[in-house]
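**Student:** Quick one: the structure is below, and I'll ask about it shortly.
There are 2 protein chains.
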Amino acid sequence: MSTPKKLPFHLTNTLSRKKEEFTPLNPPHVGLYVCGPTVYSDVHLGNVRSFTTFDVLYRWLSHIGYTVRYVRNITDVGHLVDDVDAGEDKIAKRARLEQLEPMEIVQKYTNGFHDVMRLFNVRNPSIEPTATAHLIEQIGMVQRIIDNGYAYVVNGSVYFDVPKFAAKHNYGELSGRRIDELLTNTRDTEGMDEKRSPLDFAIWKKAEAGHLMHWPSPWGEGFPGWHLECSVMSTKYLGMTFDIHGGGMDLKFPHHECEIAQSVAADGQAPVRYWMHGNMLTVNGRKMAKSEGNGFTPEELVTGNHKLLERGYSAMTVRFFMLQSHYASTLDFSNAALQAAEKGLEKMMAAVVTLAALKGGDGPASAEVAALEQACYDAMNDDLNTPIMIAHLFDGVRMINSANDGKLALSREDIARLNGLFNAMLFDVLGMRKEEEARGDDGALEGVMRLIIEMRSEAKATRNFALSDRIRDQLAAVGISIKDSKEGSTWDRK
Amino acid sequence: MSTPKKLPFHLTNTLSRKKEEFTPLNPPHVGLYVCGPTVYSDVHLGNVRSFTTFDVLYRWLSHIGYTVRYVRNITDVGHLVDDVDAGEDKIAKRARLEQLEPMEIVQKYTNGFHDVMRLFNVRNPSIEPTATAHLIEQIGMVQRIIDNGYAYVVNGSVYFDVPKFAAKHNYGELSGRRIDELLTNTRDTEGMDEKRSPLDFAIWKKAEAGHLMHWPSPWGEGFPGWHLECSVMSTKYLGMTFDIHGGGMDLKFPHHECEIAQSVAADGQAPVRYWMHGNMLTVNGRKMAKSEGNGFTPEELVTGNHKLLERGYSAMTVRFFMLQSHYASTLDFSNAALQAAEKGLEKMMAAVVTLAALKGGDGPASAEVAALEQACYDAMNDDLNTPIMIAHLFDGVRMINSANDGKLALSREDIARLNGLFNAMLFDVLGMRKEEEARGDDGALEGVMRLIIEMRSEAKATRNFALSDRIRDQLAAVGISIKDSKEGSTWDRK
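Going line by line, the protein sequences match chains P and Y. First residue of the first sequence? That's 1 in this note's numbering, and the numbers climb one at a time after it. First residue of the second sequence? That's 495 in this note's numbering, and the numbers climb one at a time after it.
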């Protein structure tokens, strides 16, 4: 059997705004960093899309032979503030146990985030570092930036000097922002009594009274600026320069632009070779946002418990739906689109079952099947084009169904190749999982239902309609519906 | 309906070697700290027992009305060493990505630990802090101990001066060890070229060449001593003195004794009011140990994939089995004991189903049911006596079955009280969960099997043995066995 051409992989590099051939720095190793969640509230559906995109990237790079170290952080340095009005003395007297503890909140939302990732079959990264576990390294980086003259200390806080950096380096290289335009348009007034320029950003903040999370530093008690942790953790685990940095498009500026500036200012090296940004979600054509009232959570999407949802959609339906759009396009959620994805996924899953039962003839390998396989690889290698790859899989579905109907002859080799292709692309790469597996009921229900459907068919064949109706009704009572058609009966949970 | 007396709780305090009434420092708050796993290898079954014990403690304290902040740490400061023979230059030249990364190992075993905890229905703690996230605080504590004269610096390492501490304080208070006996019996030669006394222990270790995890400190690049992290994290989140500290008996000395010494030396305060220690596991009467070849993992216990196991036992069977012994007793694993526990749990679960269907009469509340309920509270409040509490629940099982057989009259109030009692004790407090729920198949299989068993009974009643045998055989093929008895048929997965 010929094998498909699996390399090279191409991706759109935000830095060059071009599709580039991917060549890792130290093959076969690939270093991948993705900005993870801030664990001070429930994970947003937009985050789920972003983490699903990079999950597929991780799966794909591994599938085509790379050894990937995937680092996705947890932002746990929060900005919770205690009730300062109570007065210093009163606070000091209060028992430790009665105070709000930020780490309890961190734990709650970290657990919740992991639950959602499991639900959507997003693989664990190789390392999931937390900001609070890298304070020493963050303080070290602040110090190097100060030493190199790109930051200044004011009243216990440290600010990055953007104009000074921009005079020597290409600030705005990633995001395309121009410093003169930024200066005209900025309205940021935070810290303006301390900042030399409105473009400057804090890399270390003094902890004001009542700020609950703070650590000692050479500049006094405080906490790190948000952009700093990613610069520190990515380079600590992947090297001063590493292959791919991913994140949502909203992070491009200022977060990622500042990451570059920090690394260059501290260590004289641009940290990232390929930047990759995923696009945003819309709902019925409008931006998903809390203020719009259209920002349903992953859980609401699954349960259907939201005014904009006609009903719930399984996590695998949602995952499949997301991957039917290219990561760099906006993705619009609507009931119609979700139901179409659900139908498509069902059809594909049914074809996988059909395929497993196909025997195949003695004939030679079909050029069509080999071409289909290569087309899947080509689509994924073309900037992770999952919608095109899925379209090719649907071509495969048509072949399978034609072969099953006796309208297309497939050889044993073709069947083996199609089986391998669907296993690789649908399950390993796209990360779909059979719903029974997702529920963990290990096929027992599947087997028992086969028996029941058999008995019901026999009841109908012997015109025992009382029995066949009773079976249908009792199944309905436990949430299982039976669909009858010419080809026989199928069942589903409703 | 009268309500049971839910307080006070009594526990055996290792510090006093006595059973004491528990009175929290800041009621209704309770601070609980438990030493968590070292995530450099798979979690040991002994750990599972220990975490199950403290899970039940956490559940119990919450059940009787306390607000518990439960901190269980992750020890992720490892001692992995790179291949130093390769020479400094060679190492420096190697790409960061090609090196062994301790945090990848930490991530793998942290994920594995969480999977096992989920399997055994052990609740997440309120905070799960890691040692690497508290280096600044650990360095601070080392400095305070040095400042107070109880530690000395040698060649980049810092040692706790045990004889000097013992001259003023009661070192050995917790473990009952005497300093003169320890001196006679110690064979520890590690660091003896640097230590002033063989009893001294490192609170900060210099990182030798090739040591992979190290951080800057006032004493040079190094890493914290093992005992230090628990002293720091427990007091950071629970206060300088807090209520309960738990752990396995093997941690009593030196780990917990050293925790006390560190807190007293650094801050002049004993950290813990109640110390609680769980006992060890044995297998067929012998200590469970890797070297004995009898140390099966939690996974092997569930799958049955170990030479000492006749078959697998569900996680709930194992949990129930563990709780049928008191936490302070050794617990012996054997196939016979596990099978007895399995049978007991099945019987209890069946009674819960029976109870749900019982109607109850108009009569008055039974004194026997009220006494049973109080007995359960009393057992748990008597040093978390789960075996006695479970024995009382079996008394309840007998009542339920007698009532079902019409041999005992129970009123509606009795039924309601028994329902509440089993929900509270079996599910909330002991943390049992129905196996279907554990598998997440939401009752559909249960409902479908009811239908199948009904059809099979009818087949037998109409002497259609071909059909009834076919049903039995087809179920066996998907891993379901049917047991027939005078009372009817039941099913189980095998």
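Just so it is clear, CB atoms sit at the ideal spot from N, CA and C, and this is done for glycine as well.
Exposed or buried, which one is Y/T982 when buried takes at least 16 other CB atoms within 10 Å?
**Tutor:** Residue identity differs from the one stated: residue 982 of chain Y is Gly in this sequence, not Thr. It counts as exposed.
**Student:** Check whether the Cβ of P/H392 lies closer than 8 Å to any Cβ atom in chain Y.
**Tutor:** With 8 Å as the cut-off, P/H392 does not count as an interface residue toward chain Y.
**Student:** P/L308 to Y/N507, Cα distance in whole Å?
**Tutor:** If you take the alpha carbons of P/L308 and Y/N507, they lie about 56 Å apart.
**Student:** Which word fits Y/L483, buried or exposed, when buried means at least 16 other C-beta atoms lie within 10 angstroms of its C-beta?
**Tutor:** The question about residue 483 of chain Y has no answer, for chain Y in this structure spans 495 to 988.
**Student:** For chain Y, find out if any of its Cβ atoms is closer than 8 Å to the Cβ of P/Y237; answer yes or no.
**Tutor:** Output row for P/Y237: interface = yes.
**Student:** Taking only beta carbons into account, state which residues of the region 966-980 of chain Y come closer than 8 Å to chain P, listed in chain order.
**Tutor:** Going along the region 966-980 of chain Y in chain order, one finds Q968, L969, A971, V972, G973, I974 with a Cβ nearer than 8 Å to chain P.
**Student:** Interface residues of chain Y around P/M449 at Cβ under 7 Å?
**Tutor:** By Cβ distance, chain Y contributes V942.
**Student:** Can you pull the chain Y neighbours of P/T130, defined as C-beta to C-beta under 7 Å?
**Tutor:** Under the 7 Å cutoff, chain Y gives A627.
**Student:** Using the C-alpha atoms, what's the distance from Y/V528 back to Y/A910?
**Tutor:** Each residue's Cα considered, the two are about 36 Å apart.
**Student:** So, using beta-carbon positions, are Y/E595 and P/I74 closer together than 8 Å?
**Tutor:** Not a contact, by the Cβ cut-off of 8 Å.
**Student:** Any chance the region 735-751 of chain Y sits against the region 659-679 of chain Y, with 3 or more Cβ pairs inside 8 Å?
**Tutor:** In short, these stretches touch, since the Cβ pair count reaches three.
**Student:** Flag P/K168 as yes if its beta-carbon sits less than 8 Å from any beta-carbon of chain Y, otherwise no.
**Tutor:** By this cut-off, P/K168 is not an interface position.
**Student:** Against chain P, does Y/S620 count as a neighbour if the rule is that its beta carbon must be under 8 Å from one of theirs?
**Tutor:** Cβ-Cβ to chain P under 8 Å: yes for Y/S620.
**Student:** Return the chain-ordered list of same chain residues with a C-beta closer than 8 Å to the C-beta of Y/E582, the five sequence neighbours on each side being excluded.
**Tutor:** Only weak support is given to the placement of Y/E582: the predicted model assigns it a pLDDT of 45, under 50, and the question is left unresolved by the model.
**Student:** Of all Cβ atoms in chain Y, is any one closer than 8 Å to the Cβ of P/I452?
**Tutor:** True, the Cβ-Cβ gap to chain Y drops below 8 Å.
**Student:** Closest to P/R123 by CA distance: which of Y/K602, Y/F614, Y/L613, Y/F607 is it?
**Tutor:** Nearest C-alpha to P/R123: Y/K602.
**Student:** So, for P/H306: in the same chain, excluding its five sequence neighbours on each side, which residues have a beta-carbon less than 6 Å away from its beta-carbon?
**Tutor:** Hits under 6 Å: F296, E300.
**Student:** Return no unless some Cβ of chain Y is closer than 8 Å to the Cβ of P/I136.
**Tutor:** Yes, P/I136 counts as interfacial toward chain Y.
**Student:** How long is the line joining the alpha carbons of P/E446 and P/G360, rounded to whole angstroms?
**Tutor:** Approximately 25 Å, taken between the alpha carbons.
**Student:** Can you tell me which of the three DSSP states P/P134 falls into?
**Tutor:** Correcting the residue identity first, residue 134 of chain P is His in this sequence and not Pro. Residue state, collapsed to three classes: helix.
**Student:** Measure how close the beta-carbons of P/V30 and P/V68 come, nearest whole angstrom, since I'm counting them as under 8 Å.
**Tutor:** Going by Cβ atoms, the distance from P/V30 to P/V68 rounds to 5 Å, so yes, they are a contact pair.
**Student:** For the region 587-613 of chain Y, which residues have a CB atom closer than 7 Å to at least one CB atom of chain P, in sequence order?
**Tutor:** Taking 7 Å as the Cβ-Cβ cut-off against chain P, the residues of the region 587-613 of chain Y that qualify are A589, R590, L591, E592, E595, M597, E598, Q601, N605.
**Student:** Output yes if chain P places a C-beta closer than 8 Å to the C-beta of Y/W991; else output no.
**Tutor:** Beyond the ends of chain Y as shown, which are 495 and 988, falls residue 991 of chain Y; an answer cannot be given.
**Student:** Looking at C-beta atoms only, is the number of pairs between the region 383-402 of chain P and the region 421-429 of chain P that lie closer than 8 Å three or more?
**Tutor:** The answer is yes - the region 421-429 of chain P touches the region 383-402 of chain P, with three or more Cβ pairs under 8 Å.
**Student:** Of all the CB atoms in chain B, is at least one closer than 8 Å to the CB of P/P8?
**Tutor:** Note that chain B does not occur in the displayed structure, where the protein chains are P and Y.
**Student:** Using a beta-carbon distance below 8 Å, is Y/G525 in contact with chain P?
**Tutor:** So, interface residue.
**Student:** So, P/V478 versus Y/A938, is the Cβ gap smaller than 8 Å?
**Tutor:** Going by C-beta atoms, P/V478 is nearer than 8 Å to Y/A938.
**Student:** Among the residues of its own chain, which have a CB less than 7 Å from the CB of Y/K980, if the five just before and after it don't count?
**Tutor:** Nothing listed; no residue qualifies.
**Student:** Compare the C-beta of P/R69 with all C-beta atoms of chain Y and state if any pair is closer than 8 Å.
**Tutor:** It does; some Cβ of chain Y falls within 8 Å.
**Student:** Over the uninterrupted beta strand (DSSP E) stretch that includes Y/N541, give me the two end residues.
**Tutor:** Looking at the DSSP string, Y/N541 is not in any beta strand (DSSP E); the run it does join, the alpha helix (DSSP H), is 539-557.
**Student:** For the region 14-26 of chain P, which residues have a beta carbon sitting closer than 8 Å to at least one beta carbon of chain Y?
**Tutor:** Per Cβ criterion, the list reads L25, N26.
**Student:** At the level of alpha carbons, what is the spacing between Y/F717 and P/M233?
**Tutor:** So the two alpha carbons sit approximately 19 Å from each other.
**Student:** Give a yes or no on whether 8 Å exceeds the smallest Cβ distance from P/W60 to chain Y.
**Tutor:** With 8 Å as the cut-off, P/W60 does not count as an interface residue toward chain Y.
**Student:** Alpha carbon to alpha carbon, how far is P/R470 from Y/P881?
**Tutor:** Taking the straight line from one Cα to the other gives about 46 Å.
**Student:** Is P/L11 helix, strand or coil when you go by DSSP?
**Tutor:** Strand, per DSSP.
**Student:** List, in order along the chain, the chain P residues whose C-beta lies closer than 7 Å to that of Y/M949?
**Tutor:** Simply M455.
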